[in-house]
DNA sequence: TCAAACTTTCAATAATTTTTGAAAGTTTAT
DNA sequence: ATAAACTTTCAAAAATTATTGAAAGTTTGA
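Chains as they are written, first to last, in this note's numbering: chain U, 1 to 167; chain W, 1001 to 1167.
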């Protein structure tokens, strides 16, 4: 496998993984491209390399910036804007965990707390609803608390902790 | 919030979370419905409650069974088949983690190993490709190893471990 | 063996999501 | 103030994914 084959394989695999996890393909592929690029890339560069439109590129770069894993960079004396990705894998993981918690997990936890907190009328179906949503609430809340713990630690805490758990 | 409101809120929230994480809405909602149902449900029951077609119900029940989180149950003397979900939250988590690892994470790890293992021709772009995909490989591999550790422990290992980390 | 009761399959259709591209918007240099 | 260089927006189109429903398939009891 030469450079080009490896690059293309990485970009398409990352795009496919994104799709599987609810992230659109273009967004994941732009991230992959920037992740392995030693230099900042312009919008033109990205459009050209991934064969996608200007609008698509613009919208997905905005999303990546909203997620805090891609940044704008201006080269002095140039009108064009360039983009770079966060290059540290731990920081990438922290940022993704933080955003998914904030946008997706926390709102669900809130609903689980509300639902499991309804008044128990003593019927079997109400008992079961309360019992099962409470169990889910407790699991989700522990997992989320841990994720946020991770997010607020220094960058290599993850690795150290995982290593301790694994061995 | 009464029983019906709480039930509907739980089912639609679970469906929406599924969608966000790449799981189809019907599949997530069928799971939610079975999760809180004190009794096994027939295909008719599910179609009726969620207002979805027979075909859709059948296909998504199959997927839930493939994931190992829903089971068929036959009531003696009845022709119809009934369905129940795994009721233990830890077992649910283990099973989902195990399947996502097997189907989605492991294949990506394999690609990351291949890509990061290409011959280094000493160019800046090849250096960066290798360095960045290797970092991703190491993170993904640690995370996956931990997940599988979790999967192969007794059911309450997760809770104990999370508790240790959080406190 | 037949037929009733039930489930699965799958081609067609519908719904949703993504992508495009051109117009509108913005910034900067003169 | 103008225009060139660039980015963003958004309605329309395309692509993808989910859903339907009827035909085919299966199982069971008589």
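Quick reminder that beta carbons are idealized off the backbone N, C-alpha and C, glycines included.
Any C-beta of chain U under 8 Å from that of residue i
i, result
"residue 1035 of chain W", "yes"
"residue 1057 of chain W", "no"
"residue 1075 of chain W", "no"
"residue 1049 of chain W", "no"
"residue 1155 of chain W", "Per-residue confidence for residue 1155 of chain W stands at a pLDDT of 49, beneath the threshold of 50, marking its modelled position as unreliable; no derived number is given."
Residue from the options whose Cα sits closest to the Cα of residue i
i, options, result
"residue 1081 of chain W", "W:1029, W:1073, W:1005", "W:1073"
"residue 1076 of chain W", "W:1089, W:1040, W:1044", "W:1040"
"residue 1012 of chain W", "W:1049, W:1042, W:1038", "W:1049"
"residue 99 of chain U", "U:65, U:130, U:55, U:113", "U:65"
"residue 1104 of chain W", "U:22, U:84, U:114, U:6", "U:22"
"residue 1038 of chain W", "U:140, U:149, U:152, U:126", "U:126"
"residue 1136 of chain W", "U:52, U:8, U:92", "U:92"
"residue 85 of chain U", "U:32, U:7, U:149, U:57", "U:32"
"residue 1083 of chain W", "W:1018, W:1047, W:1051, W:1024", "W:1047"
Cβ neighbour criterion (16 or more within 10 Å) applied to residue i
i, result
"residue 1001 of chain W", "exposed"
"residue 60 of chain U", "buried"
"residue 55 of chain U", "exposed"
"residue 122 of chain U", "exposed"
"residue 7 of chain U", "buried"
"residue 4 of chain U", "exposed"
Cβ-heavy atom distance, residue i to the ligand MG, below 7 Å
i, result
"residue 82 of chain U", "Here there are no bound small molecules, and the ligand MG is not part of this structure."
For residue j and residue i, the rounded distance between their alpha carbons
i, j, result
"residue 97 of chain U", "residue 1144 of chain W", "16 Å"
"residue 1155 of chain W", "residue 1147 of chain W", "For residue 1155 of chain W, the pLDDT reaches just 49, beneath the cut-off of 50, and the residue's location in the model is therefore unreliable, although a value from the coordinates is still provided. Going from the Cα of residue 1155 of chain W to the Cα of residue 1147 of chain W covers about 13 Å."
"residue 29 of chain U", "residue 1026 of chain W", "28 Å"
"residue 1063 of chain W", "residue 1015 of chain W", "15 Å"
"residue 1078 of chain W", "residue 1043 of chain W", "13 Å"
"residue 1009 of chain W", "residue 116 of chain U", "11 Å"
"residue 1101 of chain W", "residue 139 of chain U", "19 Å"
"residue 985 of chain W", "residue 1034 of chain W", "Outside the shown range of chain W, which is 1001 to 1167, sits residue 985 of chain W, and nothing can be said about it."
"residue 134 of chain U", "residue 1068 of chain W", "22 Å"
"residue 1129 of chain W", "residue 152 of chain U", "29 Å"
"residue 149 of chain U", "residue 95 of chain U", "12 Å"
CB contact below 8 Å: residue i versus chain W
i, result
"residue 29 of chain U", "no"
"residue 118 of chain U", "yes"
"residue 38 of chain U", "yes"
"residue 64 of chain U", "no"
Hey, which unbroken runs of the alpha helix (DSSP H) at 4 residues or more fall wholly within the segment 20–78 of chain U? 25–35, 43–50, 54–66
Where are the beta strand (DSSP E) runs, 3 residues long or more, that stay fully inside the segment 77–117 of chain U, in chain order? 81–85
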